[in-house]
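Going by my numbering, the first residue of the sequence shown is number 55, and it counts up by one from there. Just so you know, even glycine gets a beta-carbon here, dropped at the ideal spot from N, CA and C.
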Amino acid sequence: MDSMSPQQQQDSLSRGQQDNKRRFHSYRRQSAPSLVITKALTRSKTVSRESFQVSVCPETCSLVQSLLTGSDRFFLLHGHAQLKTGMQTQDRHLFLFSDVLVIAKAKSANHFKQKLRVSVCEMWIAGCMDEVCEGSTSPERSFVIGWPTWNCVAVFSSAEQKEKR
Numbered sequence: 055m056d057s058m059s060p061q062q063q064q065d066s067l068s069r070g071q072q073d074n075k076r077r078f079h080s081y082r083r084q085s086a087p088s089l090v091i092t093k094a095l096t097r098s099k100t101v102s103r104e105s106f107q108v109s110v111c112p113e114t115c116s117l118v119q120s121l122l123t124g125s126d127r128f129f130l131l132h133g134h135a136q137l138k139t140g141m142q143t144q145d146r147h148l149f150l151f152s153d154v155l156v157i158a159k160a161k162s163a164n165h166f167k168q169k170l171r172v173s174v175c176e177m178w179i180a181g182c183m184d185e186v187c188e189g190s191t192s193p194e195r196s197f198v199i200g201w202p203t204w205n206c207v208a209v210f211s212s213a214e215q216k217e218k219r
């Protein structure tokens, strides 16, 4: 660089910065898919997976309390299930009240984000799993749950848990 003119030195530095930018953008493009795959394969278990058998205490659960406040409804039971539609599977918590079913996602041990709320009088349960989701489902541990705008297969951890629900 000592034998270069100031203009040549500036051009050389600019090319180096451009090469670094190109390498960075190229690296970003190449790493995005592998980053997603790596993250999916190495992530720790989510709260909802870890709490598969944990029951919710209605007195301390803010979601349950918010649905009970100012209404005549009462809390019946809570359960965890995997909801399958097509090839998509989601871990969800089901909260059954006297008049509504609330489907929620676990954010922490006792904090949930409501995803769906369905009136019990609009729901149905069936056993036609093949028509709702692809892949294998155990009929002993699952059933179809639906309402006018949506159907899914609810898969529970055991046949006993399914029968409770």
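>> Spatial neighbours of F149 within its chain, please: C-beta separation below 6 Å, excluding the five flanking residues on both sides.
In response: Here residue 149 is taken as the residue at index 95 of the sequence shown, counted from 1. The answer, listed in chain order, is H132 and V156.
> Straight-line CA distance for A180 to D153?
Replying inline: Counted from its first residue, the sequence shown places residue 180 at position 126. Counted from its first residue, the sequence shown places residue 153 at position 99. Taking the straight line from one Cα to the other gives about 19 Å.
>> Quick check: the Cα distance between L170 and A158, rounded to an integer number of angstroms?
In response: Taking the first residue of the sequence shown as 1, we reach residue 170 at position 116. Taking the first residue of the sequence shown as 1, we reach residue 158 at position 104. Take the alpha-carbon of L170 and the one of A158: they are about 7 Å apart.
> Between Q136 and R195, what straight-line distance do the alpha-carbon atoms span, to the nearest angstrom?
Replying inline: As a first step, residue 136 must be located in the sequence shown, where it is residue number 82. As a first step, residue 195 must be located in the sequence shown, where it is residue number 141. Take the alpha-carbon of Q136 and the one of R195: they are about 11 Å apart.
> Can you check whether the CB of W201 is closer than 9 Å to the CB of M183?
Replying inline: For the purposes of this step, residue 183 is taken as the residue at position 129 of the sequence shown. For the purposes of this step, residue 201 is taken as the residue at position 147 of the sequence shown. When the beta-carbon positions are compared, M183 and W201 stay at least 9 Å from each other.
>> So the candidates are S173, V198, S192 and C175; which of them puts its Cα closest to the Cα of E185?
In response: By 1-based counting over the sequence shown, the position of residue 185 is 131. Minimum Cα distance to E185 is reached at V198.
>> In this structure, how does DSSP classify C175 when only helix, strand and coil are distinguished?
In response: For the purposes of this step, residue 175 is taken as the residue at position 121 of the sequence shown. Annotated three-state conformation of C175 is helix, per DSSP.
> Grouping DSSP H, G and I as helix and E and B as strand, with all else coil, what is D184?
Replying inline: If you number the sequence shown from 1, residue 184 lands on position 130. For D184, the secondary structure class from DSSP, reduced to helix, strand or coil, is helix.
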